[in-house]
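Asker:
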Amino acid sequence: MSGLEKLQKNLGYEFKDTKLLAHALEHKSTHSGLNNERLEFLGDAVLDLIVGEYLFKKFKNQHNEGDLSKLRAALVNEASFAKIAKMLEIGEFLHISPAEERNGGRNKPSLLSDALEATMGAIYLESGLEAVRKIFIKLLEKEYKNIDTSTLYKDYKTQLQELTQAHFGSLPSYELISTKGPDHKKIFEMALFLNGKQISTAQGDSKKQAEQASAKIALELLFAKSSTKPSKISNKKEPKSTKNKGTK
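Counting in UniProt numbering, the sequence shown runs from 1 upward without gaps.
1) Report, in whole angstroms, the separation of the C-beta atoms of A115 and A24, which I expect to be a contact under 8 Å.
2) Taking Cβ to Cβ, would you say K200 is nearer than 9 Å to S214?
3) Among D205, L192, I90, K197, which residue has its Cα nearest to the Cα of I217?
4) With a threshold of 8 Å (Cβ to nearest heavy atom), would E26 be considered close to the ligand GTP?
5) Count Cβ pairs between the region 76-92 and the region 105-115 that sit closer than 8 Å; are there 3 or more?
6) Classify G43 as buried or exposed, calling it buried when 16 or more other Cβ atoms lie within 10 Å of its own Cβ.
7) Determine the direct distance from the alpha carbon of A131 to that of L68, and round the result to whole angstroms.
8) Counting only the same chain and skipping the five closest in sequence on each side, list residues whose C-beta sits under 7 Å from that of F15.
9) State the Cα-Cα distance for the pair E37 and M120, rounded to the nearest angstrom.
10) According to the Cβ coordinates, are E162 and L176 closer than 9 Å?
11) Taking only the alpha-carbon atoms, compute the straight-line gap between D205 and N195 and give it to the nearest angstrom.
12) Taking the straight line between their C-alpha atoms, what separation do you get for D48 and K180?
13) Can you look up G204 in the DSSP assignment and give me helix, strand or coil?
14) Tell me the residue span of the beta strand (DSSP E) that contains T179.
15) Look at the Cβ atom of L34, then the Cβ atom of I84, and state whether they are nearer than 9 Å.
16) Let me check understanding here. Comparing Cα to Cα, which of S173, E89, D17, F93 lies closest to K197?
17) According to the neighbour-count rule (16 or more other Cβ atoms, all chains shown, within 10 Å of its Cβ), is L88 buried or exposed?
18) Just how far apart, CA to CA, sit K58 and Y156?
19) Go ahead and pull the three-state DSSP assignment for I217.
20) Does the distance from the CB of S97 to the CB of H167 come in under 9 Å?
21) Can you list, in chain order, the residues of its chain whose CB lies under 7 Å from that of S32, leaving out five sequence neighbours each side?
22) L194 by DSSP, collapsed to three states: which one?
23) So is R102 buried or exposed if we call it buried at 16+ other beta carbons inside 10 Å?
24) Going by beta carbon distance, what residues of the same chain come within less than 6 Å of E40, once the five residues before and after it are set aside?
25) Using a threshold of 9 Å, state whether the C-beta atoms of D136 and L4 are closer than that.
26) By the DSSP assignment, the alpha helix (DSSP H) with E5 in it spans what residues?
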């Protein structure tokens, strides 16, 4: 059984045009003139819609918009997609450069997640939305046996820690900037730092609450929506800070 045949078996889907699947597995490091970034872009949008619709129908009146958004964020992200990609053994079939191979590219969450999105984008182009929905929801439910806020949602500090460790190789730190107000109603302001640079500040009724709020802001500043692609960290000594009076 060839590599692509094995992957198709893992997917439960047989491509009419296997060149489309090969395209989805082509990483930009090969400099071949063809890579999977456009298919990844398409797959990201398709999976965002599919998971959003799935949660909307699954929970109906059980969760409000905020809870559904948290659930979607817990499922539609690099770490989640990388887990599903590993289940499919996608890393084994990636076409990457020798340098990326030496750097452990076949096991990098970012490459695995991108390849999964690109593969779903390729299936969408060939067979449409319903085919992707059927395949991906089956994979999602296989990886996550119990999809609910109590088991999936992670606090903002944990999410940020996992992403900064994966993308930047470092962990955020927090520093108390100020306190104000009477003892029975103090407001704490915390600053979040990454690699020695201040990324965000936020306020809360407790240090923990302020830390969570500053981590939420940092997630929004550093990572692009659901795809969790890192933004560049400013080299300015005093980057623009964002304040928040606290979390709900």
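C-beta atoms are modelled at their ideal positions from N, C-alpha and C, and glycine is treated no differently. Since the structure is predicted, the reported quantities are computational estimates derived from the model, not experimental observations.
Answerer: The relevant details are as follows:
1) About 7 Å; that satisfies the 8 Å criterion.
2) The sequence shown places Ser at residue 200, not Lys. Between S200 and S214, the C-beta spacing is below 9 Å.
3) The candidate whose alpha carbon is nearest that of I217 is L192.
4) As far as ligands go, the structure on display features none, and thus does not contain the ligand GTP.
5) Yes, the region 76-92 is in contact with the region 105-115.
6) G43 is classed as buried because its beta carbon has at least 16 other beta carbons within 10 Å across all chains shown.
7) Spanning the alpha carbons of L68 and A131 requires a straight line of approximately 24 Å.
8) Around F15: Q8, L21, E126.
9) Cα to Cα, the separation comes out at about 12 Å.
10) In this structure, E162 lies away from L176, with their beta-carbon atoms at least 9 Å apart.
11) Straight-line Cα distance between these residues: approximately 27 Å.
12) Spanning the two alpha carbons is a distance of roughly 42 Å.
13) Looking at G204 - three-state DSSP - the assignment turns out to be strand.
14) Annotation: the continuous beta strand (DSSP E) that includes T179 extends over 173-180.
15) Not in contact: L34 and I84 (Cβ atoms no closer than 9 Å).
16) Comparing Cα positions, the closest option is S173.
17) Buried, because 16 or more other Cβ atoms sit within 10 Å of the Cβ of L88.
18) One Cα belongs to K58, the other to Y156, and the distance between them is close to 24 Å.
19) In the structure shown, I217 sits in a helix (DSSP, three-state: H, G or I).
20) In this structure, H167 does not lie closer than 9 Å to S97 by Cβ.
21) Closer than 7 Å at the Cβ level, and outside the excluded window around S32, lie E26.
22) Residue state, collapsed to three classes: strand.
23) With fewer than 16 Cβ atoms within 10 Å of its Cβ, R102 is classed as exposed.
24) Contacts found: D114, E117, A118.
25) Here residue 136 is Phe; the residue named in the question, Asp, does not match the sequence. Result no, Cβ atoms of F136 and L4 do not sit closer than 9 Å.
26) Segment 3-11, the alpha helix (DSSP H) holding E5.
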